[in-house]
Amino acid sequence: MGLCQSEEDRKGFEKSKAIDKQIKRGTADDERTKPNNQYATGHYIIRSVEEYEMQQLIAEEWVEHFAQRCNNILWCNIVGGGECGKSTVLKQMRILHTSGFTEDEITQQKRVVYNNTVTAMNQLIKAMQQYQIKYSNPEREAEALIVQDVIKQGRESEPFTPELAVAIKKLWSDKAVQDIYEDKRIECHLHESTRFFLDSVDRISNVNYKPTDQDILLTRIKTTGIVEISFVIKKVHFRVFDVGGQRSERKKWIHCFEDVNAIIFLAALSEYDEVLFEDETTNRMLESQRLFESICNSRWFINTSIILFLNKRDLFIEKIKHLSIKTAFPEYTGWFLSFLLKSI
């Protein structure tokens, strides 16, 4: 089992069964649903956050179409599996289409940056212990105790003391820590932003530190409720909802599905070799594929536009160079690398 998994998260597998059954029942009961997935009034594929930023996600003709259909108010849900990037997309929408983040929100995000950085290092320390790997420099044991003490005292979301900042930097520079990060990052469920924040300890520990937009985009905190933002494009008022993607959170999706005009479904391309946080027997990409199929074929969304957002393309491009996609699709027998790299 993963180093970071709690009993509550493990129980999420059971809690989600009712939601999965409801979605499947909606599919089975509706004879109008066809095998060729003729499920929506329109569909779009967007392949990365960068592409979203360029295109601003919604094509002008699509916005104008909905302006007539929905009385200038569009309800949109962002859904997908856990850690596929939904919250990041929602934050990107805020940056692009609203006035951004308030000073209070920036201050709050500062605490999240501290938390993500210290927690990531603590996960690496735990991995060193679990796999019985020694530090390249024995003096790192003392720095590891400093980080663990901060966690024990519940101070991981507080500004770094000089002692803590030095400890994290020395640990991160240790070759054994770097090696276990490269070898066991997936098993430790480390977020993709781990390297970014650990490389930025000098900046983060500065007394005048203020999170940048990039910092805020890369922070990770589990979505446990329903988050909404509103903005206007071409006189259309968008109300966009983000809910937790882990199985234990999907029971909340139902409350957002009624009268929805569009669904943005996020799937992380880079997760083809990763497993669910809450169920380490299930491949993330296969889970995402199953969930997407269930939503597309549900009678609830027969008149709903569905946008497929293929996220984390940059990570996928790097990973596919040395790790076969057969991890998720073992039945595939063709040569994939040159074709995939040309396609993306």
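Number 361 marks the last residue of the sequence shown (my numbering); no jumps. Built from N, CA and C at the ideal position, the CB exists for glycine as well. Every value quoted in this text rests on a predicted model; they were computed, and no experiment measured them.
DSSP three-state assignment for residue i, whether helix, strand or coil
i      : result
HIS254 : strand
ALA345 : coil
LYS51  : Residue placement at LYS51 is flagged as unreliable, the pLDDT there being 40, under the threshold of 50; the coordinate-derived value follows with that caveat. Three-state DSSP puts LYS51 in coil, outside helix and strand.
PHE224 : It should be noted that the sequence gives Val, not Phe, for residue 224. In this structure, VAL224 counts as coil in the three-state DSSP scheme.
LEU327 : strand
GLU70  : Below a pLDDT of 50, predicted positions are generally treated as unreliable, and GLU70, at 47, falls in that range; no measurement from the model is reported.
ASN300 : strand
GLU122 : helix
HIS114 : helix
SER311 : helix
ILE150 : coil
THR350 : coil
GLN306 : helix
LEU340 : coil
SER104 : helix
ARG157 : helix
HIS206 : coil
PRO179 : helix
THR136 : helix
LYS239 : coil
LEU20  : The predicted model places LEU20 with a pLDDT of 49, which falls under 50 and marks its position as unreliable, so this point remains unresolved.
ASP191 : coil
GLU368 : Because the chain here runs from 18 to 361, residue 368 falls outside it and cannot be looked at.
THR211 : helix
ASP200 : helix
ASP216 : coil
Beta bridge counterpart(s) of residue i as assigned by DSSP
i      : result
GLU245 : PHE258
ALA279 : CYS93 and SER322
ALA184 : ALA184 is not bridged to any residue.
ALA285 : ASN328
VAL164 : None; VAL164 has no bridge partner.
VAL292 : ASN300
Own chain partners of residue i with C-beta closer than 7 angstroms, once the 5 adjacent residues on each side are dropped
i      : result
ARG157 : LYS187, LEU188 and ASP191
ARG128 : SER174
ILE238 : VAL129
ASN89  : LYS252, VAL253 and HIS254
PHE213 : LEU235
ASN154 : ASP191
ILE150 : ALA193 and ILE197
Own chain, CB closer than 8 angstroms to residue i, minus 5 neighbours either side, in chain order
i      : result
GLU173 : TYR131, ASN132, VAL135, THR136, ASN139 and VAL167
THR344 : TYR289, ASP290 and ASN300
PRO347 : none
VAL218 : THR134, PHE177, ALA182, ILE185, LYS186 and TRP189
GLN126 : PHE118, PRO228, ASP232, ILE233 and THR236
VAL164 : VAL135, MET138, ASN139, ILE142, LEU181, ALA184, ILE185 and LEU188
ALA284 : GLY97, GLY98, CYS101, MET302, SER305, GLN306, PHE309, LEU325, PHE326, LEU327 and ASN328
CYS93  : PHE255, ARG256, VAL257, PHE258, VAL277, ASN278, ALA279, ILE280 and ILE281
ASP121 : none
ILE123 : LYS227, PRO228 and ILE233
LEU207 : ALA137, GLN140, LEU141 and TYR198
Neighbour-count burial assignment, residue i, 16 or more Cβ in a 10 Å radius
i      : result
GLN170 : exposed
LYS252 : exposed
SER293 : The sequence given here has Leu at residue 293, not Ser. By the neighbour-count rule (16 or more Cβ atoms within 10 Å), LEU293 is buried.
GLY98  : buried
SER116 : exposed
LYS108 : buried
ILE312 : buried
ARG220 : exposed
LEU215 : buried
LEU162 : exposed
VAL106 : buried
ASN314 : buried
LYS34  : Unreliable positioning characterises LYS34 in this predicted model, as indicated by a pLDDT of 49, which lies under 50. A coordinate reading is not provided.
THR211 : buried
Spatial neighbours of residue i in its chain, beta-carbon cut-off 6 angstroms, leaving aside the 5 residues before and after
i      : result
LYS336 : SER287
ARG64  : A caution first: ARG64 carries a pLDDT of 49, below 50, which makes its placement in the model too unreliable to give a value.
LEU340 : ASP290
VAL194 : LEU141 and LEU188
SER222 : PHE177 and ALA182
GLY242 : none
LYS338 : none
Presumed contact (8 angstroms Cβ cut-off) between residue i and residue j, rounded CB distance
i      : j      : result
VAL249 : ASP259 : About 19 angstroms separates the two Cβ atoms, so there is no contact after all.
PHE255 : LEU91  : 5 angstroms
MET145 : ILE197 : 6 angstroms
LYS201 : TYR148 : 7 angstroms
GLU160 : LEU332 : Not confirmed; about 29 angstroms, so no contact.
ILE246 : ARG111 : 6 angstroms
Minimum Cβ-Cβ distance from residue i to chain C less than 9 angstroms
i      : result
ASP259 : Here there is only one protein chain, and chain C is not present.
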